[in-house]
Amino acid sequence: EPEVTQTPSHQVTQMGQEVILRCVPISNHLYFYWYRQILGQKVEFLVSFYNNEISEKSEIFDDQFSVERPDGSNFTLKIRSTKLEDSAMYFCASSPEMGLFGNTIYFGEGSWLTVV
Amino acid sequence: QKEVEQDPGPLSVPEGAIVSLNCTYSNSAFQYFMWYRQYSRKGPELLMYTYSSGNKEDGRFTAQVDKSSKYISLFIRDSQPSDSATYLCAANDYKLSFGAGTTVTVRA
Chain A
1 EPEVTQTPSH QVTQMGQEVI LRCVPISNHL YFYWYRQILG QKVEFLVSFY
51 NNEISEKSEI FDDQFSVERP DGSNFTLKIR STKLEDSAMY FCASSPEMGL
101 FGNTIYFGEG SWLTVV
Chain B
1001 QKEVEQDPGP LSVPEGAIVS LNCTYSNSAF QYFMWYRQYS RKGPELLMYT
1051 YSSGNKEDGR FTAQVDKSSK YISLFIRDSQ PSDSATYLCA ANDYKLSFGA
1101 GTTVTVRA
């Protein structure tokens, strides 16, 4: 069964450092997402991406965050200068459709980011 | 404003019991409603989705949506210890809005 794969599974970084989280979405999917889950809290939407540009983003997704699809398979989330409060599990997701017209959003296993 | 509300539980039931999970939502624009299952420190796994109001059944799982009362339900029949997990309800406009998740333990 096709799946969303994410690397690394766990990363520890020092405050102020840049972090790049990588994802390989399901191959025939067109829409890509990043969500995050702070320990013990809800899964929260960060950003959606379609046709090589951001479709929607939440208030969490400030100037410290960026996303990129550098080639035909990878989708990355960059945090420029990490803060302690960025410590969370980051989930990549993909779907063949989006929003009101789509409902099959599949998640990866997550990248656990610890900022110290 | 919390768009999707879910009682975090925990909920503990004996094997074979029916598990009943519920959520409420506030955004009338939501059209698609999903249930995800999440194991500790793993990604959410899509279980079922429904469109608008109505029921959907998949094996031991039944999802219900009542748009008039903005109520979402998931029922698990003949529950098994392997059903022990956190269950997340979610609703979709341009993004998924998740509930807090209900942690379910099915005791053997």
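Listed in order, the protein sequences are those of chains A and B.
For the first sequence, the residue numbers in the working numbering are 1 to 116.
For the second sequence, the residue numbers in the working numbering are 1001 to 1108.
For each residue, glycine too, the CB sits at the ideal point set by N, CA and C.
Remember, it's a predicted structure, so these values are computed and weren't measured experimentally.
Excluding the five sequence neighbours on either side, which residues of its own chain have a C-beta within less than 6 Å of the C-beta of residue i, listed in chain order?
i	result
L100/A	Low confidence applies to L100/A: its pLDDT is 47, below 50, so where it sits in the model is not reliable, and the reading given next is rough at best. Excluding positions up to five away in sequence, the list is empty.
F49/A	F32, V67
One question on the structure: do residue i and residue j come within less than 8 Å of each other, judged by their Cβ atoms?
i	j	result
I26/A	L46/A	no
Y1018/B	S1079/B	Before going further, note that residue 1018/B is Ile rather than Tyr in the sequence given. In this structure, S1079/B lies closer than 8 Å to I1018/B by Cβ.
I54/A	Q64/A	no
Q1038/B	T1086/B	yes
K1042/B	G16/A	no
S1084/B	K1067/B	no
N1092/B	M1048/B	no
R1107/B	S1012/B	yes
H29/A	P70/A	no
K57/A	A1100/B	no
Apart from the five residues just before and just after residue i, which ones in its own chain have a Cβ nearer than 8 Å to its Cβ?
i	result
T13/A	V19, T82, L113, T114, V115, V116
S9/A	E109, G110, S111, W112
Tell me which same chain residues have a C-beta within less than 7 Å of the C-beta of residue i, skipping the five on either side of it?
i	result
L1046/B	M1034, Y1036
Checklist entry - Name the residues in the stretch 1078-1094 of chain B whose C-beta lies less than 9 Å from a C-beta of chain A; which are they? => result L1088, A1090, N1092, D1093, Y1094
Checklist entry - Are at least three pairs of beta-carbons, each pair with one atom in the stretch 71-88 of chain A and one in the stretch 1050-1063 of chain B, less than 8 Å apart? => result no
Checklist entry - Is the stretch 36-43 of chain A touching the stretch 1019-1026 of chain B, taking contact as three or more C-beta pairs under 8 Å? => result no
Item to check | Residues from the stretch 30-48 of chain A in contact with chain B, defined by Cβ distance under 7 Å | outcome: K42, V43, F45, S48
Next on the checklist: Beta carbons nearer than 8 Å to chain B: which residues of the stretch 59-89 of chain A have them?
Outcome noted: M89
Next on the checklist: Just to confirm the assignment: which complete beta strand (DSSP E) runs, minimum length 3, are found wholly within the stretch 1-27 of chain A?
Outcome noted: 5-7, 10-13, 19-24
Item to check | Runs of beta strand (DSSP E) wholly within the stretch 1052-1081 of chain B (minimum 3 residues, chain order) | outcome: 1054-1058, 1061-1066, 1071-1076
Item to check | Positions along the stretch 1037-1052 of chain B whose CB lies within less than 9 Å of some CB in chain A | outcome: Q1038, R1041, K1042, G1043, P1044, E1045, L1046, Y1049, T1050, Y1051
Checklist entry - Any residues in the stretch 1097-1108 of chain B with a beta carbon nearer than 9 Å to a beta carbon of chain A? Which ones, in chain order? => result S1097, F1098, G1099, A1100, G1101
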